[in-house]
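Enquirer: Next up is a structure, given as structure tokens.
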DNA sequence: AAAAATTACAACCGCAGAGGG
DNA sequence: ACCCTCTGCGGTTGTAATTTT
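Numbering (this note's numbering), first residue to last: 201 to 471.
Written as structure tokens, this is what we have:
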């Protein structure tokens with residue numbers, strides 16, 4: 201984590217360099233320089249790193265480029281339904297704490313999650329003509345989108361029904377499994393430790409609360425009772441899950457999803 | 001085929017907190 | 001106690017790519 205001490209530019213040189221700092225998109229050459237430098241000297245002390253590596257970039261810029269793009273453990277590609285579910289759940293709990301949310305999604309950056317939220321979720325709130333933080337929108341997420349996502353997750357895994365996959369903990373809402381020290385990821389319902397599903401559905405958000413306020417009681421196991429999403433009698437949105445909403449064929453970005461909201465729907469929601 | 005609109009995402013900015021001198 | 005630098009975070013912007021008209 202520490203850049204080894206290297207004789208770098210003098211202060212005067214530094215000031216001169218600051219005058220013509222590069223901005224905008226990074227070139228492949230800059231990326232290579234940054235990667236090589238970090239491979240040799242480690243990351244951290246970004247200002248001096250930028251200087252010593254000979255990059256005409258601010259330390260901030262180098263840090264951002266590394267963390268959001270060049271890091272070897274960055275995960276690329278579409279956000280999976282599992283990840284979407286987690287983002288929704290964690291955001292409902294923590295709000296715009298993007299870095300905190302990102303910590304629960306290995307390989308994803310706070311920037312990526314933030315962008316996802318802004319482009320997808322806020323867009324849908326806009327379609328619903330309600331604020332993303334409104335109770336109405338929260339209910340739609342909680343009682344419609346998230347159950348749908350869970351459905352997709354369980355169908356995709358071809359394993360147990362979603363509800364049985366949701367081994368939840370209500371004891372620790374911020375950390376992962378105390379026993380196996382995993383983070384709160386959606387488990388693949390493998391039968392191994394899956395308390396990691398994490399604090400999903402915990403009391404703080406009251407997500408799924410009516411059905412999930414109880415634990416199995418067998419402390420020390422990952423066997424908390426969960427009865428969601430199949431049973432959601434308190435669904436306040438006015439929709440019946442199976443009848444009134446189209447399938448989420450392409451989860452959030454699905455065509456049908458895009459078309460599923462109308463003024464009538466909104467009216468229904470407000471009732 | 002071209003223009004306009006929209007989307008997705010990389011990058012920047014400003015602020016706040018921590019730590020050292 | 002104060003100042004300065006570094007770091008990290010969340011908000012915002014710019015723009016390339018894609019889709020629609």
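Even for Gly, the Cβ is constructed at its ideal location relative to N, Cα and C.
1) Please determine, among 308, 340, 309, 305, the residue with the shortest C-alpha to C-alpha distance to residue 322.
2) For residue 230, report the span of its alpha helix (DSSP H) as first-last.
3) Could you please give the first and the last residue of the uninterrupted alpha helix (DSSP H) stretch that includes residue 247?
4) With DSSP collapsed to three states, give me the class of residue 310.
5) Reducing DSSP to helix, strand and coil, say where residue 338 ends up.
6) From residue 335 to residue 353, what distance separates their C-alpha atoms?
7) What is the DSSP secondary structure of residue 225, counted as helix, strand or coil?
8) Specify the secondary structure class of residue 330 as computed by DSSP and reduced to three states.
9) Quick one, are the C-beta atoms of residue 327 and residue 292 less than 8 angstroms apart?
10) Between the alpha carbons of residue 241 and residue 281, how many angstroms are there, rounded?
11) Could you compute how far the alpha carbon of residue 252 sits from the alpha carbon of residue 225?
12) Please identify the residue among 238, 317, 261, 259 whose C-alpha is closest to the C-alpha of residue 287.
13) If you follow the alpha helix (DSSP H) that residue 298 is in, where does it begin and where does it stop?
14) Buried or exposed: which applies to residue 299, given that a residue is buried once 16 or more other Cβ atoms fall within 10 Å of its Cβ?
Expert: Looking at the atomic coordinates:
1) 340
2) 228-241
3) 246-252
4) Helix at residue 310.
5) helix
6) 25 angstroms
7) coil
8) coil
9) For residue 327 and residue 292, no; Cβs fall outside 8 angstroms.
10) 37 angstroms
11) 20 angstroms
12) 317
13) 298-303
14) It counts as exposed.
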